[in-house]
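Report on one structure; see the data block that follows.
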DNA sequence: GTGGTCTAGACCACC
DNA sequence: GTGGTCTAGACCACT
């Protein structure tokens, strides 16, 4: 949890879960930690966790089953095969290493990616 | 301006300016558009623009000269040579193209980069 | 507010606003009472009101403008002309009067309507 | 069973049974399906069914006879003659057909009925 | 002064 | 024990 970032905690939680699903760390059908477990581990308020879960349910990523827990929806999941994903990941890590040696910090790299993505869109 | 993102408008403005400086689109000494011009172009409240400029001044990125405008500070700027930057940029765009063809969307790529950066930190 | 009905207060509020829009009592562009005004008038908690407004925003009925208030969305509105609506309304009131004289109470009539609607669907 | 409606399942069951009695589909002395049968047919938890039956017994609508099942109480039943009821029913269906052709959906009609009933009360 | 979020503690419905 | 709601009071971002 990054208190200084200006991003509300419930949204940070949403991003973390959503990214975990995107990266294949959480697969369809997996059960998420209980709201109370997250509270115990991270210190945020239970309502914050429940709000994040509920928003992700509306977004179609999670499925809440009364009395039994919160699960990753079957329809949600990685858009690409695991093999391709790890290869892309290695290439990116390589690039990160080079950029780091050139003196760029994390924010620089994120800015470069945003710019590259924006250029891709404008090409469309 | 992304109204639904949960990030306060003044912070979105800060990011845009800061990234423009990081990427070399704005260089030390460049004059930024007047608050009124930004209002006319984007529709946000003038206070929001002024708050973003003020925060960036405190962060050491901008310099406000009474009566003449807001400028990029001389000490601020890209941390790497322009040549290296464009090369990294091309490599990244290449990677983006491949990832796009593999079916990944923008958010997937941002998640991959975040994961790669987090792994780099843990290596330290 | 009906405390005994088993329906959560925020949902009762949602229904009231939504029905007011359906019946033309609230038209697109109209400004809804402030959350604090509703609190003063009805005694429910401010969060309850805000949750109702927010859910109606997600449902596409309302539009929340930071700092200026909550408004009925332009795209939301009555599905039929006002003239037709008042005529249907008068016919219904007539029917209600007859049913009332026949000894039916409000719940009886709602049950009859539900049954009639269900039969319409099964005809489709 | 409507999972998204916000109304607790046991209350939805209560309404269904009570309305069936109101409309004459269930008459005094009729035997209701066993809790297990309802479970098999609808998938809700057995406790939910039993709670609904128990509440309806307290409300004076049902009568539980140990070992033989659950029955509609003799004192419960339609408040009007069957003849009048079917006539009112036909008039309502007529109205529903007209309203449907005018572009109103089910929720619109329920809102109109609620408004008509509220106006009747205020006349008293 | 507008809506929005965070925290805290209590109670409820469901499994 | 699971998620869900209500209430209460404080603080923040935006107009």
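Residue numbers (the working numbering), protein chains in the order written: chain B, 18 to 141; chain V, 18 to 141; chain F, 18 to 141; chain Z, 18 to 141. Cβ coordinates follow ideal geometry from the N, Cα and C atoms, glycine included.
- prompt: Of all the CB atoms in chain F, is at least one closer than 9 Å to the CB of residue 71(Z)?
  reply: Counting from one through the fourth chain, the residue named residue 71(Z) turns up at place 54. Closer than 9 Å: no.
task: Anything in chain F within Cβ reach of residue 119(Z), meaning under 7 Å, just list it in chain order.
output: For the purposes of this step, residue 119(Z) is taken as the residue at position 102 of the fourth chain. In chain order: 97, 101 and 105.
Backbone CA spacing between residue 44(Z) and residue 90(Z) [nearest angstrom]: Stepping through the fourth chain from its first residue, residue 44(Z) is reached at position 27. Stepping through the fourth chain from its first residue, residue 90(Z) is reached at position 73. Those two C-alpha atoms are separated by around 9 Å.
field: Cα-Cα separation between residue 48(Z) and residue 130(Z), rounded to whole angstroms
entry: Position 31 of the fourth chain, counting from 1, holds the residue named residue 48(Z). Position 113 of the fourth chain, counting from 1, holds the residue named residue 130(Z). For residue 48(Z) and residue 130(Z), the distance between alpha carbons rounds to 32 Å.
- request: Pull out every residue of the region 109-135 of chain B whose Cβ sits closer than 8 Å to any Cβ of chain V, in chain order.
  value: 109, 110, 112, 113, 114, 115, 116, 117, 119, 120, 121, 122, 123, 124, 125, 126, 127, 128, 129, 130, 131, 132, 133 and 134
message: Quick check: residue 36(Z) and residue 128(F), are their CB atoms within less than 9 Å of each other?
response: By 1-based counting over the fourth chain, the position of residue 36(Z) is 19. By 1-based counting over the third chain, the position of residue 128(F) is 111. Yes; because the gap between Cβ atoms is below 9 Å, this pair is in contact.
- prompt: Where in the region 93-129 of chain B do unbroken runs of the alpha helix (DSSP H), each at least 4 residues long, occur, reported from the N-terminal end onward?
  reply: 99-118
field: Buried versus exposed, by CB contacts within 10 Å (16 or more), residue 104(B)
entry: One-based indexing of the first chain puts residue 104(B) at position 87. Counting Cβ neighbours within 10 Å, residue 104(B) comes out exposed, since fewer than 16 surround it.
- prompt: Tell me the DSSP bridge mates of residue 186(B)?
  reply: Missing from the structure shown is residue 186(B); chain B here goes from 18 to 141 and no further.
- prompt: Whose C-beta lies closer than 8 Å to the C-beta of residue 71(F) among residues of the same chain, with five residues either side of it excluded?
  reply: In the third chain, counting from the first residue as 1, residue 71(F) sits at position 54. Excluding sequence neighbours, residue 71(F) sits near 81.
task: Use the C-beta contact count for residue 138(Z): other C-beta atoms within 10 angstroms, 16 or more gives buried, fewer gives exposed.
output: Position 121 of the fourth chain, counted from the first residue, corresponds to residue 138(Z). Per the 10 Å Cβ criterion, exposed.
query: Who are the neighbours of residue 24(B) on chain V, taking C-beta pairs under 8 Å?
result: The residue you call residue 24(B) lines up with position 7 of the first chain. Here the neighbours are 23 and 24.
- prompt: How do the region 62-69 of chain F and the region 22-31 of chain F stand: do at least 3 beta-carbon pairs fall below 8 Å, yes or no?
  reply: yes
query: Would residue 91(Z) count as contacting chain F if we go by Cβ distances under 9 Å?
result: Start at 1 with the first residue of the fourth chain, and residue 91(Z) comes out as number 74. No, no contact with chain F.
- prompt: Under 9 Å between C-beta atoms, does residue 35(Z) make it to chain F?
  reply: As a first step, residue 35(Z) is located in the fourth chain; it is residue number 18 there, counting from the start. So yes, residue 35(Z) belongs to the interface.
task: With distances taken Cα to Cα, identify the nearest neighbour of residue 75(Z) among 114(Z), 106(Z) and 93(Z).
output: Within the fourth chain, the letter at position 58 stands for residue 75(Z). Considering only alpha carbons, the answer is 93(Z).
task: Please report how far the alpha carbon of residue 121(V) lies from the alpha carbon of residue 38(V), in whole angstroms.
output: As a first step, residue 121(V) must be located in the second chain, where it is residue number 104. As a first step, residue 38(V) must be located in the second chain, where it is residue number 21. The alpha-carbon atoms of residue 121(V) and residue 38(V) are separated by roughly 28 Å.
task: Note down the Cα distance separating residue 116(F) from residue 106(Z), rounded to an integer number of angstroms.
output: Taking the third chain and counting its residues from 1, one reaches residue 116(F) at position 99. Taking the fourth chain and counting its residues from 1, one reaches residue 106(Z) at position 89. Going by the C-alpha atoms only, they are around 10 Å apart.
field: Closer than 7 Å at the beta carbon, the chain B residues around residue 28(V)
entry: By 1-based counting over the second chain, the position of residue 28(V) is 11. Result: 23.
- prompt: By a C-beta neighbour count over all protein chains shown, 10 Å radius and 16 as the cutoff for buried, is residue 52(F) buried or exposed?
  reply: As a working note, residue 52(F) is residue 35 in the third chain. Flag for residue 52(F) reads buried.
field: Enclosing alpha helix (DSSP H) for residue 51(V) [first to last residue]
entry: The residue labelled residue 51(V) in the question sits at position 34 within the second chain. Counting along the chain, residue 51(V) falls outside any alpha helix (DSSP H), and DSSP gives it neither H nor E.
Chain V contact for residue 40(B) (CB, 9 Å cutoff): Translated into the one-based positions of the first chain, residue 40(B) becomes position 23. True, the Cβ-Cβ gap to chain V drops below 9 Å.
Coarse secondary structure for residue 68(Z), derived from DSSP in three states: On the fourth chain, residue 68(Z) is found 51 positions in, with the first residue counted as 1. Looking at residue 68(Z) - three-state DSSP - the assignment turns out to be helix.
task: Look up residue 34(F) in the DSSP assignment and say whether it is helix, strand or coil.
output: Within the third chain, numbered from 1, the residue matching residue 34(F) stands at position 17. Reduced to three states, the DSSP call for residue 34(F) is helix.
- prompt: Whose CA, out of 108(B), 78(B) and 26(B), lies closest to the CA of residue 55(B)?
  reply: Within the first chain, the letter at position 38 stands for residue 55(B). Minimum Cα distance to residue 55(B) is reached at 26(B).
task: Taking only heavy atoms of the ligand PLP into account, decide whether any of them is closer than 8 Å to the Cβ of residue 106(B).
output: The ligand PLP is absent from the structure shown, which contains no ligand whatsoever.
query: Can you give the Cα-Cα distance for residue 133(Z) and residue 23(V), rounded to whole angstroms?
result: Here residue 133(Z) refers to the residue found at position 116 of the fourth chain. Here residue 23(V) refers to the residue found at position 6 of the second chain. For residue 133(Z) and residue 23(V), the distance between alpha carbons rounds to 42 Å.
task: Work out the CA separation of residue 50(B) and residue 57(B) for me, nearest whole Å.
output: Here residue 57(B) refers to the residue found at position 40 of the first chain. Here residue 50(B) refers to the residue found at position 33 of the first chain. Those two C-alpha atoms are separated by around 11 Å.
- request: Can you tell me which of 20(F), 136(F) and 34(F) puts its alpha carbon nearest to the alpha carbon of residue 151(F)?
  value: The question about residue 151(F) has no answer, for chain F in this structure spans 18 to 141.
message: Using beta carbons (cut-off 9 Å, strictly below), is residue 44(F) in contact with chain Z?
response: In the third chain, counting from the first residue as 1, residue 44(F) sits at position 27. Cβ-Cβ to chain Z under 9 Å: no for residue 44(F).
- prompt: What does a CB cutoff of less than 7 Å around residue 113(Z) pick up in its chain, not counting 5 residues either side in sequence?
  reply: Within the fourth chain, the letter at position 96 stands for residue 113(Z). Here the set comprises 126.
query: What is the DSSP secondary structure of residue 61(Z), reduced to helix, strand or coil?
result: In the fourth chain, counting from the first residue as 1, residue 61(Z) sits at position 44. Note: residue 61(Z) maps to coil in three-state DSSP.
task: Using a Cβ cut-off of 9 Å (strictly closer), state whether residue 68(F) contacts chain Z.
output: Here residue 68(F) is taken as the residue at index 51 of the third chain, counted from 1. Taking Cβ atoms only, chain Z never reaches closer than 9 Å to residue 68(F), which makes this a no.
message: Please state whether the Cβ-Cβ distance between residue 20(F) and residue 110(Z) is less than 9 Å.
response: By one-based count along the third chain, residue 20(F) stands at place 3. By one-based count along the fourth chain, residue 110(Z) stands at place 93. No.
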